[in-house]
Amino acid sequence: MACLHSYDESTDDLADEVVAYALERVRMDPPPLDAPKTPAELDELIGTTITAEGLGGHEAFRIFAEQIAPATISVDHPRYLSFVPAAPTESAALFDLIVGASSMYGGSWMEASGAVHAENEALRWVADLAGLPEGAGGVFVSGGTAGNLSALVTARHRAAEDRERPPRWKVLASAGAHSSIDHAARVMDVDVVRVPVDDRGRLTGTELAKVLEVQPDDGCFAVVATAGVTNLGIVDDLEGAGKVAQEAGLWFHVDGAYGGAALCAPAYRHLFAGVERADSFIVDPHKWLFSTFDCCALVYRDPAPARAAHTQHASYLDAITDLDDWNPSDYAVHLSRRARGLPFWFSLAVHGTDAYRHAIETTLSVAHAGADLIRERDTFELVTEPELSVLVFRRLGWTADDYDAWSNRALESGFAFCLPSKHAGETIMRLCVVNPKTTVDDLRAILDSMEGVPG
Ligand SMILES: Cc1ncc(COP(=O)(O)O)c(C=O)c1O
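Just so you know, the sequence shown maps onto residues 16 to 470 in the numbering used here.
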């Protein structure tokens, strides 16, 4: 029987294959868009891969390269404009190989002081973008969902320390808040109190104050504002909401999972006024800060309550938790973790923050030029003026089925991945630009195709 852990000639061959593939993939410009297949198609194409004897490295890798990868959409394709795309830099993607190869446990200072030091420098950059004070700190978690949950768990823990347990704990958020807030509330068994939005769809201090005035008990413990509402790309009134939350003694959480990256662009900084009031803030480097999955930066104004809420205690962990070290595990709902902030740190260290600013400004200007194209054509109508890099618009005369049919054809032909969304019950087209390789010509080609001009 072959030995599981051994480095021999066949490992050398596999290393050559894997590294050559990784390099080729990183060099591809553009990468293939690819498309999903059905379970039955994949069963037939791939067959059984987990066997008693093993397939061997070459065969297993062939199956990945020939069957699995083409059935897996490339989120960094410049015409992948659905959901929130991703566009990791070449340096982040390459460095992710190193994180995997280095067997680092990123949970404690004792085990990974170097890695945690580097991650903390990247978190400090994020904290500076948000204007958070010197003592701010946090951890990289798997995504915005985990970041929002961990922040709200901290907020409730702090509230529970100095209050009688209320009949129901409550978090206040607008209908535009990301679905992960509702999910966090379900996990925590707390209620979400909806704050009505203004005519631009923003949570404001005025409406928040009105809702707080009529709350019957003291179960409210946090306000969530969104800096870049996923569907429309707008930023809540952070200044107003933050002020009201602070005056009411409530934790103020800012979800910048998608939009927080635009803090890098000075011309857009005014939209985020008040973000510096946040008790906790998240932004996903795997979205618009050009890192690999899975990476959300979660930063607390004061990390102490987060540590109190999240540190796990067990006798086998005392050697770590009895020390006064900075342990990333202590700041979120997790224990073991990969040092997932390192590809982001490496990319920042390689390129410098000016390059980040430039790349984000590029995506913003492409999105706004796309809005101009939409305005110029009679066939289209903007649903709302873009604030950041999300374009939402109608193709006049189209039904929901027309959007779906066009979108399916575009993906099947490898042309683009653009899914419709809904706003106020109406089916609309939504394009989210976070990839600096997406050009105005790409957007023009998409509009041409939606107009029926053959591409
Ligand atoms: C505003 C916002 N918050 C949270 C999330 C959830 O992030 P993740 O998918 O990384 O869990 C998203 C995802 O798009 C988002 O846009």
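Idealized CB from N, CA, C, for every residue including glycine.
Remember, predicted model here, so these are calculated numbers, not experimental data.
When burial is assigned at 16 or more other CB atoms within 10 Å of the CB, is Gly470 buried or exposed?
For Gly470, the predicted model reports a pLDDT of 46, less than 50, meaning its position is unreliable and no value from the coordinates is stated.
Which residues DSSP lists as bridging Asp206, in chain order
Lys185
Between which residues of its own chain and Ala4 is the CB-CB distance below 6 Å, once the five residues before and five after are set aside?
This structure leaves residue 4 out entirely; the chain is present only between 16 and 470.
Could you give the distance in angstroms between the alpha-carbon of Leu247 and the alpha-carbon of Arg410?
16 Å
Here's a check: name, in chain order, each residue in its chain whose Cβ is nearer than 7 Å to the Cβ of Ala108, leaving out the five neighbours to either side.
Counting only Cβ-Cβ distances below 7 Å, and skipping sequence neighbours, we find Val41, Thr307.
Other residues of its chain near Arg459: CB distance less than 7 Å, five sequence neighbours each side excluded:
Leu388
In whole angstroms, give me the CA-to-CA distance for Pro85 and Leu363.
One Cα belongs to Pro85, the other to Leu363, and the distance between them is close to 30 Å.
Could you pull the DSSP bridge partners for Lys437 from this structure?
Thr442
Taking 7 Å as the cut-off, is the C-beta of Gly115 nearer than that to any heavy atom in ligand 1?
no
Selected residue, minimal CA-CA separation from Ala37, among Thr326, Glu105, Ser165:
Glu105
If contacts are defined as beta-carbon pairs under 8 Å, then Asp252 and Arg217 qualify, I think. What distance do you get, rounded to the angstrom?
Taking a contact as a CB-CB distance under 8 Å, the pair Asp252 and Arg217 counts as one, their CB atoms being some 5 Å apart.
Using 8 Å as the threshold, is the stretch 402–420 in touch with the stretch 44–56, meaning 3 or more CB pairs across them?
Counting C-beta pairs with one atom in each stretch, the stretch 402–420 and the stretch 44–56 have fewer than three that are closer than 8 Å, which means they do not touch.
Is any non-hydrogen atom of ligand 1 found closer than 7 Å to the C-beta of Gly159, if you look at the structure I gave you?
yes
Inter-residue Cα distance where the pair is Thr454 and Ala280:
For Thr454 and Ala280, the gap between their C-alpha atoms comes out near 18 Å.
Using a 10 Å radius around the Cβ and a threshold of 16 neighbouring Cβ atoms, would you call Leu19 buried or exposed?
exposed
I want to know whether the stretch 377–394 touches the stretch 127–143 - three or more CB-CB distances under 8 Å.
The stretch 377–394, when compared against the stretch 127–143, does not touch it at the 8 Å Cβ threshold.
Three CB pairs or more closer than 8 Å across the stretch 144–162 and the stretch 350–363:
In short, these stretches touch, since the Cβ pair count reaches three.
Say the cut is 7 Å; is the CB of Tyr273 nearer than that to a heavy atom of ligand 1?
Yes, since a heavy atom of ligand 1 falls inside the 7 Å radius drawn around the Cβ of Tyr273.
Measure the CB-CB distance between His132 and Gly159 and report whether it falls below 8 Å.
no
Can you tell me whether Gly243 sits near ligand 1, meaning its C-beta is under 7 Å from at least one heavy atom of the ligand?
yes
From what residue to what residue does the alpha helix (DSSP H) around Trp341 run?
Run containing Trp341: none; DSSP gives neither H nor E here.
Answer yes or no: the CB of Asn163 versus the heavy atoms of ligand 1, is any distance below 7 Å?
yes
For the stretch 297–322, list the alpha helix (DSSP H) runs that are entirely contained and at least 4 residues long, ordered along the chain.
300–303
Residues in the same chain with beta-carbon distance under 7 Å from Pro211, minus the five sequence neighbours each way, listed in chain order, please.
Glu222
If we call anything under 8 Å between Cβ atoms a contact, is Pro401 one with Ser422?
no
In chain order, what residues of the same chain have a beta carbon less than 6 Å from the beta carbon of Gly257, not counting five sequence neighbours either side?
Phe267, Gly289, Arg292
Quick one: any contact between the stretch 87–97 and the stretch 315–331, if contact means 3 or more CB pairs under 8 Å?
no
Tell me whether Asp270 sits in a helix, a strand or coil according to DSSP, three-state version.
Asp270 carries a strand assignment under DSSP once its states are collapsed to helix, strand and coil.
Taking only heavy atoms of ligand 1 into account, decide whether any of them is closer than 7 Å to the Cβ of Ser195.
yes
Pick from Thr87, Met125, Ala30 that is closest to Asp340, judged by C-alpha positions:
Met125
With respect to the alpha helix (DSSP H) encompassing Val455, which residues constitute its N-terminal and C-terminal limits?
It spans 455–466 - the alpha helix (DSSP H) in which Val455 sits, taken as one unbroken run.
Around the Cβ of Ser89, are there at least 16 other Cβ atoms within 10 angstroms (buried) or fewer (exposed)?
buried
Whole-angstrom Cβ separation of His325 and Val348, contact assumed at under 8 Å?
7 Å
Compute the Euclidean distance between the alpha carbons of Lys452 and Asp44, then round it to the nearest angstrom.
9 Å
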